[in-house]
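Asks: Numbering (this note's numbering), first residue to last: 60 to 248.
Questions regarding the structure given below will be posed in turn.
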Amino acid sequence: MIETLPHKNGYILTKDARGKRNLFNKLKQLMEEGVVEKLKAGLYKIPELATLNHWQEISLIYPKAIICLTSASSYYNLSTYMPHETHLAISRKAKMKIEDYPPVQLYYWPDVYYKQHIVNIDGVNVYSLERTVCDIVRTFRESDVDLVKEVAREYLKRKDKNLGLLMKTAGEISIENKVRGVFELLIRS
Numbered sequence: 060m061i062e063t064l065p066h067k068n069g070y071i072l073t074k075d076a077r078g079k080r081n082l083f084n085k086l087k088q089l090m091e092e093g094v095v096e097k098l099k100a101g102l103y104k105i106p107e108l109a110t111l112n113h114w115q116e117i118s119l120i121y122p123k124a125i126i127c128l129t130s131a132s133s134y135y136n137l138s139t140y141m142p143h144e145t146h147l148a149i150s151r152k153a154k155m156k157i158e159d160y161p162p163v164q165l166y167y168w169p170d171v172y173y174k175q176h177i178v179n180i181d182g183v184n185v186y187s188l189e190r191t192v193c194d195i196v197r198t199f200r201e202s203d204v205d206l207v208k209e210v211a212r213e214y215l216k217r218k219d220k221n222l223g224l225l226m227k228t229a230g231e232i233s234i235e236n237k238v239r240g241v242f243e244l245l246i247r248s
């Protein structure tokens with residue numbers, strides 16, 4: 060029965076099947092049987108057919124949100140720390156309904172921060188590698204010193220690092236001196 064459902068990679072978007080009352084009846088029945096899960100209004104998952112990873116699924120559920128901060132550092136393997144909530148940035152002007160699952164923490168950023176350096180990698184909306192490093196430095200507090208060191212150290216180990224782009228990105232979000240200071244301290248120690 061599930062093979063007949065109109066899905067893509069194990070996910071059903073009901074907007075793609077408007078006017079098909081049978082689909083809604085099937086979905087209701089399959090949800091009661093535990094075969095289909097409702098992720099949010101209009102989006103359903105068939106777990107046995109689903110092929111998306113955690114990050115891709117987050118971007119499907121929250122298409123206008125961008126994975127940021129410690130979640131982005133985890134995505135890029137810059138940090139061993141994985142928050143229990145996925146950190147998402149959205150425009151300060153936007154409104155977004157938070158679903159019960161998966162747990163997320165929304166950050167409402169002014170467009171000057173929100174709109175810059177967004178990339179889509181295999182269906183994942185995330186800030187660029189350099190932007191992620193800059194955001195970790197920009198938002199850290201005294202208690203986050205180990206996280207900042209880990210992210211900076213792991214960035215320097217990467218083959219795809221681009222220090223010129225890192226400093227350009229830092230300049231675009233007005234934290235060039237702060238980023239330079241963190242990396243100079245790290246290199247000296």
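For glycine and all other residues, C-beta sits at the position ideal for the given N, C-alpha and C.
Model, not experiment: these values are computed from the prediction.
#1: Exposed or buried, what is LEU137 when buried is set at 16 or more other beta-carbons lying within 10 Å of its beta-carbon?
#2: Can you tell me the Cα-Cα spacing of LEU225 and ALA100, whole angstroms?
#3: Could you please give me the residues that DSSP links to LYS97 through a beta bridge?
#4: What is the DSSP secondary structure of GLN175, counted as helix, strand or coil?
#5: On the DSSP bridge list, what partners appear for LYS67?
#6: Taking C-beta to C-beta, are ALA131 and THR191 nearer than 8 Å?
#7: Note down the Cα distance separating LEU206 from ARG212, rounded to an integer number of angstroms.
#8: Look up SER133 in the DSSP assignment and say whether it is helix, strand or coil.
#9: Between ILE126 and VAL185, what straight-line distance do the alpha-carbon atoms span, to the nearest angstrom?
Replies: Let me spell this out:
#1: buried
#2: Approximately 39 Å between the Cα atoms of the pair.
#3: DSSP output for LYS97 lists TYR103 as bridge partner(s).
#4: coil
#5: TYR70
#6: Taking 8 Å as the cut-off, the Cβ atoms of ALA131 and THR191 count as close.
#7: 10 Å
#8: helix
#9: 5 Å
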